[in-house]
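Under this note's numbering, read the sequence shown as residues -17 to 140, first letter to last.
We treat Cβ as the ideally placed atom computed from N, Cα and C, and that holds for glycine.
Only a predicted model underlies this, so the values are computations on that prediction, with no experimental measurement involved.
Structure first, then comments.
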Amino acid sequence: MKKLLFSAFILVLLGVSTSVKAQGQYKSALGIRLGNTNGITFKTFVNNKDAVEVIGSFRYDGFGLTGLYEVHGRAFNSRDFNWFIGGGGHVYVWGDKRPGFLDRNQTTVLGLDGILGLEAYARTIPLAVSLDWKPAINIINYSSFWADEIALSVRYTF
């Protein structure tokens, strides 16, 4: 059921994405995210500078879904690099193999996320690569600050 809901959410985002390209680069991108939390990432631009990113991730034998709103700007005075900053929220769900810091009744954690990163776009091939830091604070069912989210994302652009 969770996979079906996630797939439907991605399809909705694909449907509402506009034809505007970010800083003249691309409209949407889908790929993988590698770091302490691995997963898939989908980003689509709603105008020239603003994007929505959805990250489906796997950590501590559970599944997480993060939604972010990001503002992009040109970096290094180059059309091939963008910086970005933004924020949003997350939900993580664990089964029987939840991490040791959660008690047996805690299966879902909700919280807020920030993101700060740099993205490079390869104009000769449809590829965008980004490096970012995504700190998170858990608010509901477990209060903590996660500052270890540094990740490399590689996305196919379209």
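To the nearest whole angstrom, what separates the beta carbons of residue i and residue j, a pair I think is in contact under 8 angstroms?
i, j, result
"residue 93", "residue 71", "7 angstroms"
"residue 51", "residue 69", "7 angstroms"
"residue 112", "residue 100", "7 angstroms"
"residue 12", "residue 24", "5 angstroms"
"residue 44", "residue 75", "6 angstroms"
According to DSSP, simplified to helix, strand and coil, what is residue i?
i, result
"residue -6", "Model confidence at residue -6 stands at a pLDDT of 42, short of 50, so the residue's coordinates are unreliable and nothing is read from them."
"residue 120", "strand"
"residue 77", "coil"
Which residue or residues does DSSP assign as beta-bridge partners of residue i?
i, result
"residue 35", "25 and 50"
"residue 30", "For residue 30, which the question treats as bridged, DSSP gives no partner whatsoever."
"residue 102", "63 and 111"
"residue 138", "12 and 109"
"residue 45", "40 and 75"
"residue 125", "The partner list for residue 125 (beta bridge, DSSP) is empty, contrary to what the question assumes."
Using only the alpha-carbon positions, how far apart do residue i and residue j sit?
i, j, result
"residue 63", "residue 105", "11 angstroms"
"residue 53", "residue 46", "23 angstroms"
"residue 57", "residue 36", "23 angstroms"
"residue 96", "residue 131", "10 angstroms"
"residue 134", "residue 110", "11 angstroms"
"residue 33", "residue 77", "32 angstroms"
"residue 26", "residue 10", "4 angstroms"
So is residue i in contact with chain D if we call contact Cβ pairs under 8 angstroms?
i, result
"residue 29", "Looking at the structure shown, chain D is missing, and only one protein chain is on hand."
Under 8 angstroms between the Cβ atoms of residue i and residue j?
i, j, result
"residue 136", "residue 14", "yes"
"residue 67", "residue 91", "no"
"residue 139", "residue 108", "yes"
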